[in-house]
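With our numbering applied, the sequence shown closes on residue 550, and no number is skipped along the way.
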Amino acid sequence: MTDAAQPIWIDPTDCHYPEAPAREAVTNPHLSHQVTWNETRAFKPAMHPVGRLRYYYKWPGHGGALWWRTRYWPTRRRVLQIRGEYNPKTMRREKTIVDKRPIWWTLAFIAMILAPAVVPTAGWNTVMSAAAVFGIYAAVNLCWMLIIGTASIYSLASYAVVGAAAYGTTYLAIQLGLPWWMLPLIGALIGLAFGLIIGLPAMRLDGFYYALLTLGVVELCRVYVVQSREFGSATGGLYGAPSYLPATLGQMPRLLFSYYAALALMAFALIVYRFIDGKRLGRVLRMAPEKREAFAQACGVDFVHARIMVFLISSTALGFIGGFYAIHFGGASPNLFSFDTVLLSLAMLVIGGIGRSEGAVAGTAIVVFIDRVLIDLGPLRYMLIGAIMLGVVLFLREGLFGIKHQFRTWRDKKKSERRATRAEKGGEMLPEEATETEDKDQIYFRRFDKMQRDFLKRLVTDAVIEEHRSRPLGQHSEALERLLIYFRRQGQVDKYAIMVLEEFRAYRIVALSGHRGTAPRVVEDRNYATSDEAYHALFLRRVQDLLET
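What follows is the structure, encoded as structure tokens:
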């Protein structure tokens with residue numbers, strides 16, 4: 002019989018001895034396991050969605066076709082980076098396009114080709130002139146990105162190379178009467194020579210000091226062309242170079258033709274960028290990033306030679322662009338050597354993201370659009386460019402095209418924080434620990450053990466402790482029996498036991514080592530006179546360890 006306020010447990014084994022009264026003990030009320038299960042499964046903190054999961058479309062297997070191994074000649078970059086895998090659920094082969102940049106580049110070029118069709122007639126001249134300037138500046142910035150990003154040479158003389166080639170080719174065309182198609186080739190030679198002159202100090206100088214040197218070279222070139230009569234000090238520039246545009250074309254066809262020519266120049270610069278960054282020179286320089294040159298040199302990487310080669314190739318390409326600049330605008334202007342041009346170009350690279358070809362193109366498009374199309378804003382457009390640049394520097398790590406990686410890093414951090422708020426270890430494996438465990442059965446065993454300990458903690462009451470004190474051995478109530486069964490099935494390592502010092506007179510609590518041949522360690526110096534006292538003291542120690550877990 003039991004009372005609702007104080008349940009009484011009756012020993013069922015006493016029915017075998019009817020001559021004696023049945024043993025009774027106060028016990029705990031019945032507690033369902035489902036209570037602990039529901040509390041464990043419930044999420045206590047509020048859940049907030051953070052970002053979205055990565056989604057890669059799974060294409061069917063390609064079979065025996067090897068088209069996906071095609072590479073860009075002459076680089077080692079594949080047309081599409083495809084990862085093949087086997088899906089154990091569908092039991093089929095699948096492939097995933099990991100690097101989608103070639104697809105985006107193709108769509109971007111298609112959009113650039115079709116862009117003139119959507120330009121409003123009212124602003125046709127302004128927009129198409131700015132679009133041609135965008136193509137030229139994007140080509141310059143792609144080559145400059147090779148110097149700063151790939152070669153890690155902080156040169157500010159890229160537009161000085163373009164200006165030197167533009168002035169040199171224009172002067173030769175006026176003096177010698179050269180055709181327009183020869184000027185880009187001659188400009189490439191001038192760029193190579195100019196690159197040799199300013200590239201040799203890069204073997205000795207580095208970082209901030211080399212940037213100051215190249216900035217001084219730009220200023221010297223500006224002062225020279227401004228004060229030189231031969232280079233048009235009186236007319237504000239040197240003009241008279243032949244143009245590649247036919248004289249019979251009208252205004253709108255000339256703008257359209259010049260836009261597509263500048264777009265082809267940008268495609269040429271992009272090919273040069275891929276040719277260097279995707280081949281051996283780019284891989285060698287990626288082995289020797291900034292502040293790790295000593296390690297690369299110890300590994301046998303000749304990064305100095307690779308940097309100089311990249312610088313010379315980029316200078317040659319910049320000279321070619323300078324020759325195209327001369328035949329596009331009919332000459333050269335001192336603005337190529339101005340500090341404003343250098344600052345605007347730096348803003349293009351910083352906004353798009355240094356070290357990324359797509360960043361150079363996108364940053365150039367943003368700055369050129371604000372500078373050449375939004376002319377009505379006046380000086381405010383430069384403040385707008387500065388504000389955008391300042392925001393990118395403060396809040397973005399790798400420019401606009403680093404937002405994706407930065408967002409994924411932030412999302413993973415927030416997911417870990419949210420997971421940490423709702424994950425209570427308590428003997429259960431955390432997600433990071435579970436991924437490194439080969440035996441996955443241990444994950445569920447420790448989860449079950451945690452829930453079992455949470456349930457057993459509820460069974461520890463004064464009534465159960467008093468029941469064990471009165472009779473440590475024999476039949477017990479359900480609550481006490483569950484506790485004893487859990488304690489008895491624990492491992493042998495550091496398991497409490499009773500050592501008999503003197504039979505029926507002295508007992509002591511020890512902890513087993515769990516290893517054969519190793520003596521148990523003494524837990525306490527206290528001796529117990531009877532075995533019942535020792536058993537109860539051992540029970541209390543186990544209960545204390547359970548409550549502290």
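All C-beta atoms in this analysis are idealised placements derived from N, C-alpha and C, irrespective of residue type, glycine included.
State the DSSP-derived secondary structure class of residue i, mapped to helix, strand or coil.
i: V27; result: strand
i: M92; result: coil
i: V511; result: strand
i: V461; result: coil
i: V524; result: coil
i: Y18; result: coil
i: Y210; result: helix
i: Y245; result: coil
i: Y155; result: coil
i: A535; result: helix
i: K441; result: coil
i: I111; result: helix
i: A123; result: coil
i: I355; result: coil
i: D303; result: coil
i: A43; result: coil
i: L250; result: coil
i: Q453; result: helix
i: L516; result: Strictly speaking, residue 516 in this sequence is His, with Leu absent from that position. Looking at H516 - three-state DSSP - the assignment turns out to be coil, as it is neither helix nor strand.
i: H477; result: coil
Give me, in chain order, the residues of the same chain whose beta-carbon lies closer than 6 Å to that of residue i; leave out the 5 immediate sequence neighbours on both sides.
i: G515; result: Q493, V494
i: G331; result: Y240, A242, S244
i: M140; result: In the sequence as displayed, the identity of residue 140 is Ala instead of Met. Excluding sequence neighbours, A140 sits near L266, M267, A270, I322.
i: S156; result: I148, T215
i: S315; result: C144, L147, I148
i: A166; result: G188, I191, G192, G320, G323, G324
What are the partner residues of residue i, as DSSP defines its beta bridges?
i: L239; result: A333
i: Q82; result: D100
i: Y87; result: R94
i: W10; result: A26
i: Y172; result: Answer is none; Y172 lacks a bridge partner.
i: M500; result: R509
i: W60; result: K96
i: Y529; result: Y508
In chain order, what residues of the same chain have a beta carbon less than 7 Å from the beta carbon of residue i, not counting five sequence neighbours either side?
i: Y383; result: none
i: A464; result: V27, T28, N29
i: A348; result: V368, I386, M390
i: L67; result: Confidence in L67 is poor, its pLDDT being 49 and thus under 50, which makes the residue's placement unreliable; the coordinate value appears in the next sentence. Once the five neighbours on either side are set aside, L67 has no close Cβ partner at all.
i: V120; result: V128, M129
i: I11; result: A23, E25
Since I believe residue j is in contact with residue i (beta carbons under 8 Å), could you give me their beta-carbon distance rounded to a whole number of angstroms?
i: G573; j: S159; result: For the chain, the structure presents residues 2 to 550; residue 573 sits outside this window and is missing.
i: F338; j: P185; result: F338 to P185, Cβ: 20 Å. No contact.
i: Q407; j: L391; result: Going by Cβ atoms, the distance from Q407 to L391 rounds to 17 Å, so no, they are not a contact pair.
i: L350; j: A361; result: 6 Å
i: S153; j: L286; result: 7 Å
i: F195; j: V227; result: Not confirmed; about 19 Å, so no contact.
i: F312; j: G200; result: 5 Å
i: G150; j: I355; result: 5 Å
Quick one: is residue i buried, meaning 16 or more other Cβ sit within 10 Å of its Cβ, or exposed?
i: C560; result: Here the chain comprises residues numbered 2 to 550, so residue 560 is not present and cannot be evaluated.
i: H477; result: buried
i: N142; result: buried
i: V36; result: exposed
i: D372; result: buried
i: S358; result: buried
i: R223; result: buried
i: E467; result: exposed
i: A520; result: exposed
i: K451; result: buried
i: W145; result: buried
i: D442; result: exposed
i: M253; result: exposed
i: V305; result: exposed
i: H31; result: exposed
i: P473; result: buried
i: Y210; result: exposed
i: G251; result: exposed
i: I198; result: exposed
i: Y274; result: buried
Tell me which same chain residues have a C-beta within less than 8 Å of the C-beta of residue i, skipping the five on either side of it?
i: R542; result: Y497, I510, V524
i: Y260; result: P117, M129, A132, A133, G136
i: P13; result: Q476
i: V544; result: V461, I466, L484
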